[in-house]
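Asker: Okay, handing you the structure first.
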Amino acid sequence: MEKQTFTVTELNNRIKGLLDLDPLLADVCVRGELSNYKIYPSGHHYFTLKDSESSLRCVMFKSSASKLRFRPESGMGVTAFGRVSVYPRDGAYQLYCSALMPEGTGDLQVAFEQLKAKLSAEGLFDPAHKKALPQFPERIAIITSSAGAAVHDMIRILSHRWPLTKVLLLPVRVQGTEAPAEIAGAIRYANEFKLADLIITGRGGGSIEDLWAFNDERVARAIYASAIPVISAVGHEPDVTISDYVADRRASTPSNAAEIAVPDKNEMLDVLRGYDIRSAQAMTKLLDRLKERLSSLESKRVLSDPSVYIDNRRIELDHGRDRLISAQERALSAKRQRYVRLAASLDAMSPLRVLSRGYAIAAKTNGEPVRSVKGLEAGEHLSLRLADGSADCLVQSVTDKL
-18 MEKQTFTVTE LNNRIKGLLD LDPLLADVCV RGELSNYKIY PSGHHYFTLK
32 DSESSLRCVM FKSSASKLRF RPESGMGVTA FGRVSVYPRD GAYQLYCSAL
82 MPEGTGDLQV AFEQLKAKLS AEGLFDPAHK KALPQFPERI AIITSSAGAA
132 VHDMIRILSH RWPLTKVLLL PVRVQGTEAP AEIAGAIRYA NEFKLADLII
182 TGRGGGSIED LWAFNDERVA RAIYASAIPV ISAVGHEPDV TISDYVADRR
232 ASTPSNAAEI AVPDKNEMLD VLRGYDIRSA QAMTKLLDRL KERLSSLESK
282 RVLSDPSVYI DNRRIELDHG RDRLISAQER ALSAKRQRYV RLAASLDAMS
332 PLRVLSRGYA IAAKTNGEPV RSVKGLEAGE HLSLRLADGS ADCLVQSVTD
382 KL
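Quick note on the numbering used here: the sequence shown kicks off at -18 and runs consecutively.
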């Protein structure tokens, strides 16, 4: 039987295909020590993962390397996540790494990253949902352990900075399997009964296991659902929990949370003193302007001799009266002249003026004026109106105009 012949590339690709089809190798975790760790200008990370007997070539591309929460170094023990495949050009298999986890964090770190990605995708970390903290809170609810040093530090700082704020402690466990349920329940309780204007929840520093209650999904969702603004104060500055991402404000420490929650009374007193000084300065300037105005008025004669002002007003009154009389006389004269013109025009149109020139007006006995001979009959009585009187006439005959 004749054997099949492959080129090097064909054989490498065939082996690559076989490895890619293996589901176990498609998602594998490998524990070992980093060696020859190099970061290329492209942003890709190349390294070797080894143990006491063997070594494995690995590559982490820039997109995955940008998500690392720590700086890997040669000699560091890690767990690598990724897939095994063949790089056809070299004919060597290698681990295509998607994530690295320092030795010792293990399952907790994986769970943290998984929950963080899940809640981020749901929008629980969206800045648009974060509420503003009250400037002068009247009541603050502290949800933490009553036995820890953190609560005493917070109460001391709050009372020193702003004594007007009432502090209410809701004691809960902050470590252990029961802690997440108690913390979430206290947040819901404070909201249900509107116990405070602001909530501070957290604890002092510790290992990732000690702080794990604040990486619990129940606590994260209770903070997100809170109508009261929440400050998350967990651990020390480097410690970051899921609660920090969800809360309306993250504090680096519990003491820092107390400083964020309330203003400093000494600073407020300085502000008020500044307002007082500026107010006094403004009032002094106003009084100075009023004094200058008063001095100016004192020099006026009207204040030293009020009768001068009255005499001047009397003269103005006389002048005003004269102007009014002159204006009224001019108006009356114009109206008289208009009256004369209208009377002359009316007189010129009067029928009596026509009669004075020798004309007469004939009318029937009922007063109807005679306008035509067609309406007259012989023997009919008429009345003639003349300029100096009237006469009764008898119609002898009627003759039409030829």
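Note that CB positions come from ideal geometry on N, CA and C, so glycine has one too.
When DSSP labels each residue in this structure, what does Gly104 get in the three-state scheme?
Answerer: Three-state DSSP puts Gly104 in coil, outside helix and strand.
Asker: Give me the Cβ distance between Val376 and Gly360, rounded to the nearest whole Å; I'm assuming they're in contact under 8 Å.
Answerer: Going by Cβ atoms, the distance from Val376 to Gly360 rounds to 6 Å, so yes, they are a contact pair.
Asker: In the DSSP assignment, what are the bridge partners of His362?
Answerer: According to DSSP, His362 bridges with Leu375.
Asker: So Tyr226 is in the alpha helix (DSSP H); what residue range does that whole segment cover?
Answerer: It spans Ile223 to Val227 - the alpha helix (DSSP H) in which Tyr226 sits, taken as one unbroken run.
Asker: Using 10 angstroms around the beta-carbon of Thr125, count the other beta-carbons present and answer buried if the total reaches 16, otherwise exposed.
Answerer: When all chains shown are included, Thr125 counts as buried.
Asker: Could you check what DSSP says for Ile291 in three-state terms: helix, strand or coil?
Answerer: DSSP places Ile291 in helix when its eight states are reduced to three.
Asker: Buried or exposed, going by whether 16 or more other CB atoms sit within 10 Å of the CB of Cys374?
Answerer: Cys374 should be labelled exposed.
Asker: Please list the segments of the beta strand (DSSP E) lying wholly inside the segment 167 to 229, counting only runs of 3 or more residues, in order along the chain.
Answerer: If we require 3 residues or more, the beta strand (DSSP E) runs fully inside the segment 167 to 229 come out as 179 to 184 and 211 to 215.
Asker: Could you check the C-alpha separation between Met264 and Leu305 for me, to the nearest Å?
Answerer: Answer to the nearest angstrom: the Cα atoms are 49 Å apart.
Asker: Which of the three DSSP states, helix, strand or coil, is assigned to His133?
Answerer: Note: His133 maps to helix in three-state DSSP.
Asker: Can you find at least 3 beta carbon pairs, one from the segment 157 to 167 and one from the segment 189 to 197, that sit closer than 8 Å?
Answerer: Verdict: yes, contact present.
Asker: Are Pro118 and Leu176 touching if we call contact CB-CB under 8 Å?
Answerer: For Pro118 and Leu176, no; Cβs fall outside 8 Å.
Asker: Would a C-beta distance cut-off of 8 Å place Leu327 and Ala368 closer than the cut-off?
Answerer: No, they are not a contact pair.
Asker: Check for me: the beta strand (DSSP E) holding Glu14 runs from which residue to which?
Answerer: Its beta strand (DSSP E) spans residues Val9 to Ile20.
Asker: Starting from the Cα of Ala122, find the closest Cα among Phe28, Gly348, Pro210 and Gly63 and give me that residue.
Answerer: When only C-alpha atoms are compared, the closest one is Pro210.
Asker: For the alpha helix (DSSP H) holding Leu278, just list the boundary residues, first then last.
Answerer: Where Leu278 is concerned, the enclosing alpha helix (DSSP H) stretches over Lys246 to Glu279.
Asker: Mind checking which residues open and close the beta strand (DSSP E) that includes Thr(-10)?
Answerer: Where Thr(-10) is concerned, there is no enclosing beta strand (DSSP E), although the alpha helix (DSSP H) it sits in stretches over Val(-11) to Asp1.
Asker: Need the endpoints of the alpha helix (DSSP H) that Pro350 sits in, please.
Answerer: That residue, Pro350, is in no alpha helix (DSSP H); it is neither H nor E in DSSP.
Asker: Taking the Cβ atom as the reference point for each residue, do Ile212 and Ile241 lie within a distance shorter than 8 Å?
Answerer: The answer is yes: Cβ separation under 8 Å.
Asker: Closest to Asp229 by CA distance: which of His110, Leu313, Asp381 and Leu(-8) is it?
Answerer: If we check each option's Cα against that of Asp229, His110 comes out closest.
Asker: State the Cα-Cα distance for the pair Leu49 and Ala80, rounded to the nearest angstrom.
Answerer: Using only the alpha carbons, I get a separation of about 7 Å.
Asker: In angstroms with no decimal places, state the Cα-to-Cα distance between Ser353 and Lys345.
Answerer: Cα to Cα, the separation comes out at about 12 Å.
Asker: Since I believe Val65 is in contact with Met82 (beta carbons under 8 Å), could you give me their beta-carbon distance rounded to a whole number of angstroms?
Answerer: The pair is not a contact, with the Cβ atoms about 18 Å apart (cut-off 8 Å).
Asker: Does the segment 196 to 206 come close enough to the segment 215 to 231 to have 3 or more Cβ pairs within less than 8 Å?
Answerer: Taking 8 Å as the limit for Cβ pairs, the verdict is that the segment 215 to 231 does touch the segment 196 to 206.
Asker: Tell me, please, which residues DSSP counts as bridged to Val335.
Answerer: Val335 pairs with nothing; no bridge assigned.
Asker: Within the continuous alpha helix (DSSP H) that includes Lys43, where are the two ends?
Answerer: Where Lys43 is concerned, the enclosing alpha helix (DSSP H) stretches over Lys43 to Ala46.
Asker: Assuming Pro152 is part of the beta strand (DSSP E), what are its boundary residues?
Answerer: Where Pro152 is concerned, the enclosing beta strand (DSSP E) stretches over Lys147 to Pro152.
Asker: So what's Thr317 in DSSP terms, helix, strand or just coil?
Answerer: One point to set straight first is that residue 317 is Arg, not Thr, in the sequence displayed. Arg317 falls in the helix class under three-state DSSP.
Asker: Give every residue of the same chain whose Cβ lies closer than 7 Å to the Cβ of Tyr77, excluding the five residues on either side of it in the sequence, and list them in chain order.
Answerer: Answer for Tyr77: Val40, Gly63, Arg64 and Ser66, listed in chain order.
Asker: Could you pull the start and end residues of the alpha helix (DSSP H) that Ser66 belongs to?
Answerer: Segment Gly58 to Tyr68 is the beta strand (DSSP E) holding Ser66; no alpha helix (DSSP H) there.
Asker: Across the segment 241 to 250 and the segment 134 to 148, are there enough close Cβ pairs to call them in contact, namely three or more that are closer than 8 Å?
Answerer: Enough Cβ pairs lie closer than 8 Å, so yes.
Asker: If we call anything under 8 Å between Cβ atoms a contact, is Gly183 one with Ala214?
Answerer: In contact: Gly183 and Ala214 (Cβ atoms closer than 8 Å).
Asker: Does DSSP put Phe28 in a helix, in a strand, or in coil?
Answerer: Correct three-state label for Phe28: strand.
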